[in-house]
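A short write-up of the structure that comes next.
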Amino acid sequence: EPEVTQTPSHQVTQMGQEVILRCVPISNHLYFYWYRQILGQKVEFLVSFYNNEISEKSEIFDDQFSVERPDGSNFTLKIRSTKLEDSAMYFCATTGVYEQYFGPGTRLTVT
Amino acid sequence: KNEVEQSPQNLTAQEGEFITINCSYSVGISALHWLQQHPGGGIVSLFMLSSGKKKHGRLIATINIQEKHSSLHITASHPRDSAVYICAVRREDTGNQFYFGTGTSLTVIP
Numbered sequence: 001e002p003e004v005t006q007t008p009s010h011q012v013t014q015m016g017q018e019v020i021l022r023c024v025p026i027s028n029h030l031y032f033y034w035y036r037q038i039l040g041q042k043v044e045f046l047v048s049f050y051n052n053e054i055s056e057k058s059e060i061f062d063d064q065f066s067v068e069r070p071d072g073s074n075f076t077l078k079i080r081s082t083k084l085e086d087s088a089m090y091f092c093a094t095t096g097v098y099e100q101y102f103g104p105g106t107r108l109t110v111t
Numbered sequence: 112k113n114e115v116e117q118s119p120q121n122l123t124a125q126e127g128e129f130i131t132i133n134c135s136y137s138v139g140i141s142a143l144h145w146l147q148q149h150p151g152g153g154i155v156s157l158f159m160l161s162s163g164k165k166k167h168g169r170l171i172a173t174i175n176i177q178e179k180h181s182s183l184h185i186t187a188s189h190p191r192d193s194a195v196y197i198c199a200v201r202r203e204d205t206g207n208q209f210y211f212g213t214g215t216s217l218t219v220i221p
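Here the protein sequences line up with chains A and B, keeping their order.
With the working numbering, the residue at position 24 of the first sequence is 24, and numbering never jumps.
With the working numbering, the residue at position 69 of the second sequence is 180, and numbering never jumps.
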């Protein structure tokens, strides 16, 4: 069964550093998403991406965040200057005909 | 403001019991998604529905668009069903953005 993969599974970084979270979507899916889940809280939408550009973004997705599909397969989320409050699980998801498929997540810890 | 409300927040059941988890939403939607989040954090899609009812194994999901309500039922519950069950809606006015409930934590005791 096809699956969404994410790397790394866990990243620890210092405040102010840049991080790049990577996702390999399911190959024939067209919509890609990033979500985050702060520990103990609900999942929150960050951004959706279609046809190599952002289609929607939430208020959380400010200038510190960016997404791109650098090589036609990977889908990345970059946080330019991490803050303590960016510590969370970050999930990538892609949409098929009927359902969203979630990756296993990257746990980001900012110290 | 929570567009999506789930109840109960926590649920403990004996193995074999029939379980119902409820989801109410306050906005017009184009689809509703039921998800399962395991203790390790991974999220699995269970159902995406926009009307009626879907069944997969011991899981049944229903939605009533007029009442803005959906239910997830688990028949013959098993300890491996223990997880957080999350309802998410795609608003009809915001394209593909999903709004998530806070989840229902289910524990099934042997």
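Glycine included, every Cβ here is placed at the ideal spot set by N, Cα and C.
In this structure the region 11-20 of chain A does not lie against the region 171-187 of chain B, because fewer than three pairs of beta carbons, one per stretch, are closer than 8 Å. Secondary structure at R69(A): coil, using DSSP grouped into helix, strand and coil. Where F75(A) is concerned, the enclosing beta strand (DSSP E) starts and stops at 75-79.
DSSP places Q117(B) in the uninterrupted beta strand (DSSP E) bounded by 115-118. Here I26(A) is not near G105(A), since their CB atoms are 8 Å or more apart. Its chain contains T131, N133, T173 as the residues whose beta carbon lies nearer than 6 Å to that of S182(B), once the 5 sequence neighbours on both sides are disregarded; these appear in chain order. Assigned with DSSP and collapsed to three states, R201(B) falls in strand.
T123(B) has T218(B) as its beta-bridge partners, per DSSP. The alpha-carbon of G139(B) is positioned some 20 Å away from that of V43(A).
V67(A) and S156(B) have their C-alpha atoms roughly 24 Å apart. Bounds of the beta strand (DSSP E) holding A142(B) are 140-148. Neighbours of S156(B) across chain A, judged by C-beta separation under 8 Å: E99, Q100, Y101, F102.
Spanning the alpha carbons of M159(B) and R107(A) requires a straight line of approximately 26 Å. Bridge pairing for I132(B): L183(B) [DSSP]. A direct Cα-to-Cα measurement between K83(A) and P8(A) gives close to 19 Å. Nearest CB-CB separation between K78(A) and chain B: not below the 8 Å threshold. If you look at V12(A), you'll find it in the beta strand (DSSP E) that goes 10-13.
For F65(A), no CB of chain B lies under 8 Å from its own CB, so it is not counted at the interface with that chain. Exposed is the label assigned to M15(A), since fewer than 16 other Cβ atoms lie within 10 Å of its Cβ. For Y90(A), no Cβ of chain B is located within less than 8 Å of the residue's own Cβ.
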